[in-house]
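For reference, the structure discussed in these notes is given below.
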Amino acid sequence: MDLPELIEIAQKERALEKPVQIRCCVAAGCLSANSQAVKQRLEEAVTAAGLAETLEVRSVGCMRLCCQAPLVEVESGEWGMGSGEECKQSPHSRLYEKVTPDDAPSIIAAINGGETTVKQGDLTHPFFTHQMPIVLENSGKIDPERIQSYIGAQGYRGLYHVLREMKANEVVDTITRSGLRGRGGAGYPTGLKWATVAKAKGERKFVICNADEGDPGAFMDRSVLESDPHRVLEGMAIAAYAVGANQGYIYIRAEYPVAINRLQTAIHQAQRLGILGTQIFDSRFDFKIDIRIGAGAYVCGEETALMASIEGKRGTPHPRPPYPAESGLWGHPTLINNVETYANVAPIIRKGADWFASIGTQKSKGTKVFALAGKIRNTGLIEVPMGTSLKQIVEAMGGGVPDGGVVKAVQTGGPSGGCIPASAFESIVDYESLTQLGSMMGSGGMIVMDETTNMVDVARFFMEFCMDESCGKCIPCRVGTVQLYKLLTKISEGKASFADLELLEELCDMVKHTSLCGLGQSAPNPVFSTLRYFRDEYLALISH
5 MDLPELIEIA QKERALEKPV QIRCCVAAGC LSANSQAVKQ RLEEAVTAAG
55 LAETLEVRSV GCMRLCCQAP LVEVESGEWG MGSGEECKQS PHSRLYEKVT
105 PDDAPSIIAA INGGETTVKQ GDLTHPFFTH QMPIVLENSG KIDPERIQSY
155 IGAQGYRGLY HVLREMKANE VVDTITRSGL RGRGGAGYPT GLKWATVAKA
205 KGERKFVICN ADEGDPGAFM DRSVLESDPH RVLEGMAIAA YAVGANQGYI
255 YIRAEYPVAI NRLQTAIHQA QRLGILGTQI FDSRFDFKID IRIGAGAYVC
305 GEETALMASI EGKRGTPHPR PPYPAESGLW GHPTLINNVE TYANVAPIIR
355 KGADWFASIG TQKSKGTKVF ALAGKIRNTG LIEVPMGTSL KQIVEAMGGG
405 VPDGGVVKAV QTGGPSGGCI PASAFESIVD YESLTQLGSM MGSGGMIVMD
455 ETTNMVDVAR FFMEFCMDES CGKCIPCRVG TVQLYKLLTK ISEGKASFAD
505 LELLEELCDM VKHTSLCGLG QSAPNPVFST LRYFRDEYLA LISH
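Numbering (the numbering used here), first residue to last: 5 to 548.
This is the structure we're talking about:
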C-alpha cells in the first residue's frame, strides 16, 4: 500500500457518509446499559421512516459522559428535513442521554421535524467545552471496528510519513522536542526512553504497550482501546521504527473483553491492508503485534513483572538495573509505554513537535486524560490541557457533588497516589504540582469525595487493595502492608492509641523505602496524604 491508496480509502469513506450521522456509543459502559439494542432499534426506525438514503446509524466509541449512558449523538446540517425549514449551513449536534430502545422512533421523528421527549444533553456545558481532545479526538466519532473509518480520519498518515520521509533518529528527536512524558506513572520523558532503546545494542528489540490498567476507578486506557484501537497500533509501529524493533506486544488484562476483541479485529484489518506485517508501505520495515492477556494481577502493571508474565513466568518484579531499555523481554532491549502515551504519537508526527509543546505547562506538555468518578455529578472521561486547575475539573466540568453536597477531597494516581483536599483545588494539574501536593498523576484516575467520606477509611481501603495485590516477593511489601492495614483498622474502629499512630508513620516510611517495586514503594502514599491533610480525623478516632 502507498499514499494514493490510503487517500483513496479515505475518499471512499467520506463519500459513503450520509447527510445525517446518528452515532450510538458501543463502549463498555454504554453496552452494559443496552446500547446495542438501542442501535438496532434506531436502524429499524430509520428504515421504517424511509430515510435510509439520508440517515446513517454508526457504532462509535466512548462519548465521555458515562453517567448518562447509553448516549446517542445526532449530527446534521438538515434539522427538520421534512418540515420545510431552511437547512442550516453548519452541522449541528444533539446529544441524547439515557436512551432506551423505545426512544428510537422519537429520535428519528425529531430529525424529521417532529418533537421528542428523549432527554437531551447540553453540549455547551463545561464538561465538553473545556476539553481539548488529542488522544480522544476520534472517540465517539469513528467506528472502532472499521479500519476505513480510522483512515478517513487521517489514520496511518503519520506512519506513512515516518517510513517514507523520516530517519529513525529524526522520529526520536521529534518525540523528544514535543516534551511528551509517559502517561502511565511518574512521567518519564518519552523521547529519552526511546533514545535509550534506539542506542542499545541487541540482535532483537521489542516494543510493549502496557494496557494492564488496574487502578480502582480508572478506565482511560480501556476506553481508548475500545474507541480507537488503530491509533494505538499506529503509535506502536512508529515507536518500533524509531527504536529498531520488529515485534510488539500489547499486554492487556482479561477483564477488558470488548477492548481485546476490537484490538484483535484492528490487528487483522491492518495486516490485510499491509499496514502491519512485512514491508509496510513498501518500505524495508517489518512489524508484527501480538496480544498477551493478563490474569488481572495489579503488580503486572510494573514493567519487570509485566515482562515476566509475557515470558510465561510468574508476574513478579525484579530489581533494576538493568532496565528494560538495556535488558528487557528475553534479555533484549525493550521499549515499554502505556496506551495513552502511544495514542499521542501519531498526532505529534502529523502536526509537529512544536504544536504539541505549545500545549500545557513548561515541564508538562500536552493534555491528560482523566476518569472522573466518585461523588460527582458528571462521571466519565475528560481530556484537558496540562495546567488545568483541579477546581475547574471538579467543580466546573464535573459539576460538583450531587444534591448540594460539598467536595472534601479528590484522590489521584490510584493506590500509588494521594488525597488532595478541597482547599488545594486552585493548584494546577501537572506532574510537579501533584507531587508537591503529596499525590501523583499516575495513569489518570480521579475519584471525588464529599464531606461524608471518612478519610481514614479511604486510606484503609487502598491499603487493603495493595495488601491483596502484593506479589509477596519482598518482605516489606508482603508483611508491611498487612501490618499497616491492621493498624488502620484498629484506628478506624476507635481501638488505637497514640503509640499506634506513631508506629503507623514509622512503618509507612519503612515500607516506602525498602520495598522492591513501585507497588510497595507507593502503597503508603494514601496514608501519608491523609495524615498530612486530614490528621484531625485520625486524632479524633484515637481520642474517642
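Ideal Cβ positions, reconstructed from N, Cα and C, are used throughout, including at glycine.
The structure presented is a predicted model; accordingly, all values stated were derived computationally and were not measured.
Compare the C-alpha of Gln-578 against each of Leu-280, Arg-257 and Thr-383 and name the closest.
This structure cannot speak to residue 578, because the chain is shown only from 5 to 548.
Segments of 4+ residues assigned as alpha helix (DSSP H) that fall wholly inside the segment 482-523
502-518
I'd like to know whether the C-beta atoms of Leu-35 and Met-224 end up nearer to each other than 8 angstroms.
no
Cβ-based neighbour list, Phe-289, same chain, cut-off 6 angstroms, excluding 5 preceding and 5 following
Leu-167 and Tyr-245
Counting only the same chain and skipping the five closest in sequence on each side, list residues whose C-beta sits under 7 angstroms from that of Met-240.
Val-211, Cys-213, Gly-252, Ile-293 and Tyr-346
Roughly how far, in whole angstroms, is the beta-carbon of Val-354 from the beta-carbon of Arg-161, given that I think they are within contact range, below 8 angstroms?
Note on identity: in this sequence residue 354 is Arg, with Val being the wrong assignment. Their Cβ separation, rounded to whole angstroms, is 6 angstroms, which keeps Arg-354 and Arg-161 in contact under 8 angstroms.
With DSSP collapsed to three states, give me the class of Asp-177.
helix
Can you pull the DSSP bridge partners for Leu-577?
Nothing in the structure corresponds to residue 577, since the chain is present only between 5 and 548.
Between the Cα of Glu-141 and those of Pro-193, Lys-372 and Val-460, spot the shortest distance and give me the residue it belongs to.
Lys-372
Take Asn-38 and list the residues in its own chain whose beta-carbon comes closer than 8 angstroms to its own, dropping the five residues that flank it on each side.
Pro-74, Thr-104 and Pro-105
For the beta strand (DSSP E) holding Phe-374, just list the boundary residues, first then last.
371-378
Could you pull out every residue in the same chain whose Cβ sits closer than 6 angstroms to the Cβ of Ile-138, ignoring the five residues on either side in sequence?
Pro-351 and Thr-371
Going by Cα to Cα distance, which pick from Val-228, Thr-320, Leu-196 and Gln-25 is closest to Cys-478?
Thr-320
For Gln-44, the first and last residue of its enclosing alpha helix (DSSP H)
39-52
Taking only the alpha-carbon atoms, compute the straight-line gap between Ala-215 and Tyr-302 and give it to the nearest angstrom.
11 angstroms
For Leu-196, the nearest candidate out of Ser-182, Lys-205, Thr-392 and Glu-207 (CA to CA)
Ser-182
Spatial distance of Ile-151 from His-517 (CA atoms):
47 angstroms
Run through the segment 419-454 for me and flag every whole beta strand (DSSP E) of 3 or more residues, listed as ranges in chain order.
422-425 and 449-454
If I follow the unbroken alpha helix (DSSP H) through Thr-133, where does it start and stop?
130-133
Determine the direct distance from the alpha carbon of Lys-43 to that of Gly-54, and round the result to whole angstroms.
17 angstroms
Are there three or more Cβ pairs, one per stretch, closer than 8 angstroms when the segment 428-441 is compared with the segment 262-270?
no
Among residues of its own chain, excluding the 5 on either side of Val-531, which ones have a beta-carbon nearer than 6 angstroms to its beta-carbon?
Ala-463 and Cys-512
Residue environment, Phe-502, which counts as buried when at least 16 other CB atoms sit within 10 Å:
exposed
Name the DSSP beta bridge partners of Lys-292, please?
Gln-251
Relative to the ligand ATP, is the shortest distance from any of its heavy atoms to the C-beta of Lys-209 smaller than 7 angstroms?
The model on display carries no ligand, and the ligand ATP is accordingly not part of it.
Please look up how many angstroms separate the CB atoms of Gly-522 and Pro-220, rounded, as I've assumed it's under 8 angstroms.
Actually they are not in contact, since the Cβ atoms of Gly-522 and Pro-220 sit about 16 angstroms apart, beyond 8 angstroms.
State the DSSP-derived secondary structure class of Ile-11, mapped to helix, strand or coil.
helix
In angstroms with no decimal places, state the Cα-to-Cα distance between Met-467 and Pro-528.
7 angstroms
In this structure, how does DSSP classify Gly-239 when only helix, strand and coil are distinguished?
helix
Thinking C-alpha only, which one of Lys-412, Ile-11 and Cys-304 is nearest Asn-342?
Cys-304
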